[in-house]
Amino acid sequence: MNGLVVLRILGLLLALFSITMLPPAVVSWIYNDGAWLPFVQAFFIIAGAGLALFLPLRHHRAELRIRDGFLVVAGFWVVLGFAGSVPLLLIEIPIMSFTDAVFESVSGFTTTGATVLVGLDTLPHSLLWYRQQTQWFGGMGIIVLAVAILPVLGVGGMQLYRAETPGPMKDTKLTPRITETAKALWITYFGLTVICAVSYRLAGMNWFDAICHAFSSIATAGFSTHDASFGHFNSPMLEWLASLFMLLGATSFALHFYAMRRLLPDIKVQVHGGRPRFAWPHRRKISVLGAIRGYTSDPEFRAFMVIQATLIAIIAAYLAVRGHHTPGESLTKAVFQSVSVGTTTGFTSANFSAWPGALPVLLILASFIGGCAGSTAGGMKVLRWLLIFKQGWREMVRLLHPNAVIPVRLGERAVPTRVAEAVWGFFSVYVVVFCIMMAAMMFIGLDQVTAFSSVAATLNNLGPGLGEVSSTFGTVPDAAKWVGIIGMILGRLEIFTLLVLLTPEFWRR
Amino acid sequence: MKILILGAGTVGSTAAESLSEENEITVVDLNGRHLRELQDRLDIRTVEGHASHPRVLDKAGAADADILVALTDSDEVNMIACQIAYSLYRTPVRIARIRAAEYTSRQELFTTKTIPVDTIISPEQLVTEHIEQLIHYPGAHQVLDFADGRVRLVGVMAKSGGPLIGQELRELRRHIPHTDARVAAIYRRSAIAPVGNEDPTYETILPEGDTVIRPNDLVFFLAARKDIRVMMSELLKLEHPARSIIIAGGGHIGFELARRLENTNRVKVIERDYDRARYISERLKHAVVLTGDAVDEDLLMEENIDKVDVFCALTSAEEANILSSFLAKRMGASRVIALINRPSYAKLVEDQYVDIAVSPQDITLSALLAKVRGMRLDVGQVHALRSGAAEAIEAVAHGDKKTSRVVGKTIENVPLPRGTTIGAIVRGDEVLMAHHDTEIRSEDHVILFLTDRSQIPAVEKLFQVSVTYT
Numbered sequence: 015m016n017g018l019v020v021l022r023i024l025g026l027l028l029a030l031f032s033i034t035m036l037p038p039a040v041v042s043w044i045y046n047d048g049a050w051l052p053f054v055q056a057f058f059i060i061a062g063a064g065l066a067l068f069l070p071l072r073h074h075r076a077e078l079r080i081r082d083g084f085l086v087v088a089g090f091w092v093v094l095g096f097a098g099s100v101p102l103l104l105i106e107i108p109i110m111s112f113t114d115a116v117f118e119s120v121s122g123f124t125t126t127g128a129t130v131l132v133g134l135d136t137l138p139h140s141l142l143w144y145r146q147q148t149q150w151f152g153g154m155g156i157i158v159l160a161v162a163i164l165p166v167l168g169v170g171g172m173q174l175y176r177a178e179t180p181g182p183m184k185d186t187k188l189t190p191r192i193t194e195t196a197k198a199l200w201i202t203y204f205g206l207t208v209i210c211a212v213s214y215r216l217a218g219m220n221w222f223d224a225i226c227h228a229f230s231s232i233a234t235a236g237f238s239t240h241d242a243s244f245g246h247f248n249s250p251m252l253e254w255l256a257s258l259f260m261l262l263g264a265t266s267f268a269l270h271f272y273a274m275r276r277l278l279p280d281i282k283v284q285v286h287g288g289r290p291r292f293a294w295p296h297r298r299k300i301s302v303l304g305a306i307r308g309y310t311s312d313p314e315f316r317a318f319m320v321i322q323a324t325l326i327a328i329i330a331a332y333l334a335v336r337g338h339h340t341p342g343e344s345l346t347k348a349v350f351q352s353v354s355v356g357t358t359t360g361f362t363s364a365n366f367s368a369w370p371g372a373l374p375v376l377l378i379l380a381s382f383i384g385g386c387a388g389s390t391a392g393g394m395k396v397l398r399w400l401l402i403f404k405q406g407w408r409e410m411v412r413l414l415h416p417n418a419v420i421p422v423r424l425g426e427r428a429v430p431t432r433v434a435e436a437v438w439g440f441f442s443v444y445v446v447v448f449c450i451m452m453a454a455m456m457f458i459g460l461d462q463v464t465a466f467s468s469v470a471a472t473l474n475n476l477g478p479g480l481g482e483v484s485s486t487f488g489t490v491p492d493a494a495k496w497v498g499i500i501g502m503i504l505g506r507l508e509i510f511t512l513l514v515l516l517t518p519e520f521w522r523r
Numbered sequence: 033m034k035i036l037i038l039g040a041g042t043v044g045s046t047a048a049e050s051l052s053e054e055n056e057i058t059v060v061d062l063n064g065r066h067l068r069e070l071q072d073r074l075d076i077r078t079v080e081g082h083a084s085h086p087r088v089l090d091k092a093g094a095a096d097a098d099i100l101v102a103l104t105d106s107d108e109v110n111m112i113a114c115q116i117a118y119s120l121y122r123t124p125v126r127i128a129r130i131r132a133a134e135y136t137s138r139q140e141l142f143t144t145k146t147i148p149v150d151t152i153i154s155p156e157q158l159v160t161e162h163i164e165q166l167i168h169y170p171g172a173h174q175v176l177d178f179a180d181g182r183v184r185l186v187g188v189m190a191k192s193g194g195p196l197i198g199q200e201l202r203e204l205r206r207h208i209p210h211t212d213a214r215v216a217a218i219y220r221r222s223a224i225a226p227v228g229n230e231d232p233t234y235e236t237i238l239p240e241g242d243t244v245i246r247p248n249d250l251v252f253f254l255a256a257r258k259d260i261r262v263m264m265s266e267l268l269k270l271e272h273p274a275r276s277i278i279i280a281g282g283g284h285i286g287f288e289l290a291r292r293l294e295n296t297n298r299v300k301v302i303e304r305d306y307d308r309a310r311y312i313s314e315r316l317k318h319a320v321v322l323t324g325d326a327v328d329e330d331l332l333m334e335e336n337i338d339k340v341d342v343f344c345a346l347t348s349a350e351e352a353n354i355l356s357s358f359l360a361k362r363m364g365a366s367r368v369i370a371l372i373n374r375p376s377y378a379k380l381v382e383d384q385y386v387d388i389a390v391s392p393q394d395i396t397l398s399a400l401l402a403k404v405r406g407m408r409l410d411v412g413q414v415h416a417l418r419s420g421a422a423e424a425i426e427a428v429a430h431g432d433k434k435t436s437r438v439v440g441k442t443i444e445n446v447p448l449p450r451g452t453t454i455g456a457i458v459r460g461d462e463v464l465m466a467h468h469d470t471e472i473r474s475e476d477h478v479i480l481f482l483t484d485r486s487q488i489p490a491v492e493k494l495f496q497v498s499v500t501y502t
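Listed in order, the protein sequences are those of chains A and B. Following the numbering used here, the numbering of the first sequence begins with 15 at its first residue and continues without gaps. Following the numbering used here, the numbering of the second sequence begins with 33 at its first residue and continues without gaps.
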């Protein structure tokens with residue numbers, strides 16, 4: 015453990031983060047909403063704090079060990095939650111308490127999308143932009159961004175990357191160098207966001223809403239610039255588009271990266287005799303079919319699609335049968351709402367908590383599955399559920415053939431036992447953490463439905479729950495908000511990264 | 033550069049480590065645990081799987097790789113991996129380790145139409161050549177060829193008794209007026225002995241005219257082939273060339289070495305296995321093949337071990353090599369060379385019981401690194417000296433006065449990076465030792481020394497031809 019190195023990197027990350035205070039100030043200037051000052055103040059406060067940590071220690075270099083990696087990532091996410099609340103506390107409209115500001119900031123960065131604010135339509139544009147932007151940076155992860163653009167992290171970058179990215183198999187790199195991998199992820203992420211924003215604009219949103227909702231969709235986060243969320247636009251076209259982009263955001267970015275490489279020609283700039291020339295070595299063939307096959311041959315993506323299709327079918331059929339909506343509307347609402355909750359985004363276009371029968375609880379349960387590993391979605395990830403399901407299936411086959419050797423396969427390859435064990439470990443810890451937090455919520459005074467759904471909404475990084483928290487967390491007690499804050503960070507870092515700091519083993523030399 | 037290394041054995045992992053700073057490395061191996069350890073230490077990508085399977089190569093990015101290096105245990109896997117990478121992904125450069133002489137002796141096998149391996153690294157052959165040169169130049173620790181052997185770089189441990197010891201380097205010219213040699217670098221063991229059993233620390237000295245060579249300095253000098261012996265005689269009391277040689281171990285290396293030396297020297301080979309001994313005796317014309325144990329005192333006595341000039345312990349068991357060398361040395365062999373792979377063993381015995389420890393792994397690695405770096409620099413050779421602490425580079429000057437930073441300049445005016453010196457220039461068949469007023473012309477092969485490996489990119493830049501340079 016090397017505390018000074020950890021502090022040095024934390025300082026550096028904070029200084030980097032402070033730059034994200036400037037875009038909202040620019041937005042404030044464009045819309046002339048008079049709220050630029052808090053962001054500029056926050057910029058100087060955070061940058062000052064970061065540099066105060068970094069500059070005295072800037073020559074203090076050492077290789078990051080595994081433990082340091084956990085400490086940096088967990089420490090940074092906690093610090094980030096507080097740092098992100100600085101402009102919210104400084105801003106004059108609306109006046110937010112400390113708890114509310116931290117809750118809103120953590121909810122943004124962890125891509126949860128649970129809010130304590132009401133009356134969004136009347137708030138300054140800069141504040142709305144800032145909320146959306148926190149989600150976007152939190153989606154792919156500021157630490158992954160730092161690994162991409164700060165060369166100082168070196169091999170230690172891998173430790174940080176592993177502690178921040180979700181999923182049970184984190185050792186696979188897209189490219190040999192970790193900085194290149196992080197860059198590839200962010201470029202893919204940025205590209206998808208641009209496509210999403212342009213599509214929204216073409217489908218009828220204004221630029222501000224389009225960009226803000228693109229941030230929120232690709233990050234599968236769920237904040238909106240309107241109280242009525244997607245219901246405000248009342249456009250089936252936008253709902254279908256948003257469903258598509260939420261699904262893309264909840265798909266592994268490694269798949270997007272490979273697809274992108276299949277579609278884009280491999281053009282290199284070569285310098286021959288001093289003259290730069292574009293060369294196209296023709297070694298990688300461009301193939302749309304290959305790009306699509308990249309998705310369809312991935313077992314996790316297929317399972318994800320099957321789960322979503324089943325969910326949509328059940329909801330659409332039930333809504334139509336019960337006559338809650340017309341059949342056409344039922345399909346649109348079912349697609350939008352099940353994708354929104356299933357990918358742990360949390361946009362709403364209908365008040366799903368008032369839907370009949372088991373539908374509200376079914377949706378909340380779907381958020382436990384969440385999106386694919388290596389995506390921006392929360393939940394326990396499809397890959398883990400797939401492995402758990404396959405192991406359950408194996409036990410049944412074993413009952414019939416006691417002597418059979420049955421590997422757990424994922425696609426063509428058998429899954430290492432290590433990974434299977436880790437999945438079970440994660441599952442049990444997740445359940446235990448969930449139960450403890452739900453009990454805590456009920457002790458604080460929430461009713462059972464609210465307690466259950468609020469823990470699910472925060473731990474799965476979903477956002478809206480049922481009962482009292484179906485649209486806002488503003489009315490629950492402060493203590494419940496703090497439990498929610500812990501839940502959101504636990505969920506974003508997939509529990510272990512934070513929990514490992516609480517073990518005595520971690521602090522023992 | 034993107035480099036794909038197949039096989040994470042000792043040479044594979046060390047190569048990945050040495051190359052990972054400048055290049056993007058992907059390593060493929062069957063052993064997942066091994067790979068995880070490697071990935072924890074280095075910023076590289078690892079892929080678990082069979083090195084020659086197309087799916088594995090695809091996953092490892094063979095379609096983007098600039099260089100493929102096949103270093104698995106199996107010659108056949110190495111060859112087929114190069115074949116597949118070339119057929120499916122057109123990987124531009126393919127290097128393979130191939131041990132069996134059955135393959136390496138048939139050069140016509142390795143063309144793009146047959147088995148597309150560009151460069152074969154054959155450890156046995158490299159080790160044999162290395163030992164042959166050590167025997168040829170008694171007292172030399174390292175002998176490296178440049179410009180197809182026209183110039184050689186020789187590392188010698190200076191011993192008291194050599195005429196130049198204790199004198200300033202500028203005296204060299206007076207000592208040997210008709211030969212031209214240049215001292216490139218001196219490694220001096222620091223006066224303060226390190227605590228415990230750490231390596232002795234060496235300080236690097238870039239020689240000037242007034243540098244004084246002391247006994248036990250490791251001196252690297254550069255000279256034309258014909259001048260090497262004269263130069264060596266300046267640094268140590270030169271032994272007469274080796275006449276009688278005993279080789280313990282008749283494996284690939286022992287047999288090949290005996291075959292090369294038997295026409296000029298009296299060679300005896302000791303091989304334990306009778307059938308093998310019979311097999312090699314049928315193929316050797318003059319050498320005497322003995323069956324027996326190399327640690328058998330009576331056998332060694334009978335074969336006049338005390339009159340032997342060089343004893344080479346070349347079996348595949350390094351412990352046995354150490355013991356037999358120790359015995360031979362004690363019984364009076366004048367020089368002992370042993371194959372020892374483990375650096376810790378080599379440190380333990382070198383200078384005391386064994387005169388020169390030869391590490392096949394080091395030799396393979398430096399040959400591989402030389403090839404890979406050579407591709408990068410568009411130069412002839414890159415050699416690692418003293419296990420990579422310094423490097424010698426042969427770079428070709430292209431272009432003219434306008435486009436090159438080196439052509440048309442005298443050596444004193446070339447803007448060399450820190451810790452770098454120019455040793456010699458090879459112009460056609462002519463070898464010119466570097467003097468401050470020597471002018472570099474186009475297509476000269478310039479031989480440089482770097483005491484700091486991180487300066488390689490700077491040297492690379494220096495020799496690049498550019499249009500914009502004015």
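Ideal placement from N, C-alpha and C gives every residue a C-beta, glycine not left out. All of these numbers come straight from a predicted model, not from anything done at the bench.
A Cβ of chain A is located within less than 9 Å of the beta carbon of residue 75/B. Within the DSSP bridge table, the entry for residue 236/B names 219/B as partners.
Near chain A, meaning a CB-to-CB distance below 7 Å, the residues of the segment 50-61 of chain B are 56, 57, 58. Residue range 80-104 is occupied by the alpha helix (DSSP H) that includes residue 82/A. Cα atoms of residue 262/B and residue 251/B: separation of roughly 15 Å, rounded to the nearest angstrom. Judged by DSSP secondary structure, residue 344/B falls outside any alpha helix (DSSP H) and instead within the beta strand (DSSP E) spanning 342-345. Around the Cβ of residue 239/B, a 10 Å sphere holds 16 or more other Cβ atoms; the residue is buried. The beta carbon of residue 97/A sits closer than 6 Å to the beta carbons of 60 from its chain, once the five residues preceding and following it are set aside; these are given in chain order. Fewer than three beta-carbon pairs drawn from the segment 269-277 of chain A and the segment 224-237 of chain A are found closer than 8 Å, and the two stretches are therefore not classed as touching. One alpha carbon belongs to residue 276/B, the other to residue 335/B, and they sit about 11 Å apart. Contact between the segment 498-511 of chain A and the segment 432-445 of chain A is established, with three or more Cβ pairs separated by less than 8 Å. Fewer than three Cβ pairs drawn from the segment 291-302 of chain B and the segment 362-376 of chain B lie within less than 8 Å of each other, which leaves the two stretches out of contact. Here residue 479/B is actually not in contact with residue 204/B; their C-beta atoms are around 18 Å apart, not less than 8 Å. One alpha carbon belongs to residue 112/A, the other to residue 301/A, and they sit about 53 Å apart.
Around the C-beta of residue 18/A, fewer than 16 other C-beta atoms lie within 10 Å, and the residue is accordingly described as exposed. Under the Cβ distance rule, residue 308/A does not count among the residues neighbouring chain B, no pair being separated by less than 9 Å.
For residue 34/B, the chain A residues whose Cβ falls inside 9 Å of its Cβ are 189, 190, in order along the chain.
Cα atoms of residue 210/B and residue 242/B: separation of roughly 21 Å, rounded to the nearest angstrom.
By the criterion of at least three beta-carbon pairs nearer than 8 Å, the segment 91-99 of chain B is in contact with the segment 36-48 of chain B. Of all alpha-carbon atoms in 398/A, 414/A, 445/A, the one lying nearest the alpha-carbon of residue 422/A is that of 398/A. Interface annotation, residue 93/B: in contact with chain A, CB-CB separation under 9 Å. Separation of the CB atoms of residue 367/B and residue 341/B is rounded to 6 Å, and the pair is thereby assigned contact status at 8 Å.
DSSP places residue 51/B in the uninterrupted alpha helix (DSSP H) bounded by 42-51. Taken atom to atom, the span from the alpha-carbon of residue 59/B to that of residue 383/A is near 34 Å.
One Cα belongs to residue 145/B, the other to residue 119/B, and the distance between them is close to 10 Å. Residue 463/B sits away from residue 216/B, with the two beta carbons spaced by 9 Å or more. Within the segment 113-151 of chain B, the complete alpha helix (DSSP H) runs of at least 4 residues fall at 133-136. Bridge pairing for residue 465/B: 456/B [DSSP]. About 6 Å separates the beta carbon of residue 325/A from that of residue 356/A, a gap short enough to meet the 8 Å contact definition. Note that the C-beta distance between residue 133/B and residue 284/B is below 9 Å. Distances from the alpha-carbon of residue 90/A to those of 249/A, 453/A, 158/A, 104/A put 158/A closest.
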